[in-house]
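Step one of this worksheet: look at the structure below.
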Amino acid sequence: MGTNGGKKESKSRVENILAKARELAALIKESEECRAFQKARDEVFADGAAKKMVLDYQKMQLAAQAAMMTGAEPDAALLDKIKKVGEVLAFNPQVAEYFALEYKFHTLVSALYKIIGDAAGVGQDLFEQ
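All residue numbers in the sequence shown are consecutive under this note's numbering, ending with 1251.
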């Protein structure tokens, strides 16, 4: 009975954690940050050209970040292209708003990661900067 009781209690805790996570997901989905971000995303992505530019820009940013994470210096041509595309995108008010709301939403998500990391005692170095 000792080991089965422990497994049942552990499963119950995991189920409880997952239930709370689903509650949190529902709260996030209803939040102004999420709703505004989704609305802006839908508006920008309704324009095929804007959607392509935004996605290409984000892919280039990701490629540069991946290079830096491996200790490599991102390609100068890539960095120049990121800068130029970013300048073009900044002139589109809908895209600029989308990026501002994306940042705001990701700030919320980062705060959640920090809370979870602090509770588990892991990943604290990542969020101290």
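Cβ coordinates follow ideal geometry from the N, Cα and C atoms, glycine included.
ask   = Within 10 angstroms of its Cβ, does Ala1162 collect 16 or more other Cβ (buried), or is it exposed?
value = buried
query = Span of the alpha helix (DSSP H) holding Gly1170?
reply = 1170-1191
query = For Ile1083, which option in Leu1149, Phe1221, Leu1184 has the closest C-alpha, if you only look at C-alpha atoms?
reply = Within the shown structure, residues of the chain are numbered from 1123 to 1251, placing residue 1083 beyond reach of any answer.
task = Let me know the secondary structure DSSP gives Glu1195 once reduced to three states.
result = coil
task = Mind the definition here: the segment 1222-1234 touches the segment 1149-1168 only if three or more C-beta pairs lie below 8 Å; say whether that holds.
result = Cβ pair count under 8 Å is three or more, so yes.
key: Residue of Phe1159, Pro1196, Leu1146 minimising C-alpha distance to Ile1238   = Leu1146
key: Cβ-Cβ separation, Glu1195 to Ala1188 (assumed contact under 8 Å), whole Å   = About 12 Å; that fails the 8 Å criterion.
request  = Could you spell out the range, first to last residue, of the alpha helix (DSSP H) harbouring Ser1232?
outcome  = 1215-1242
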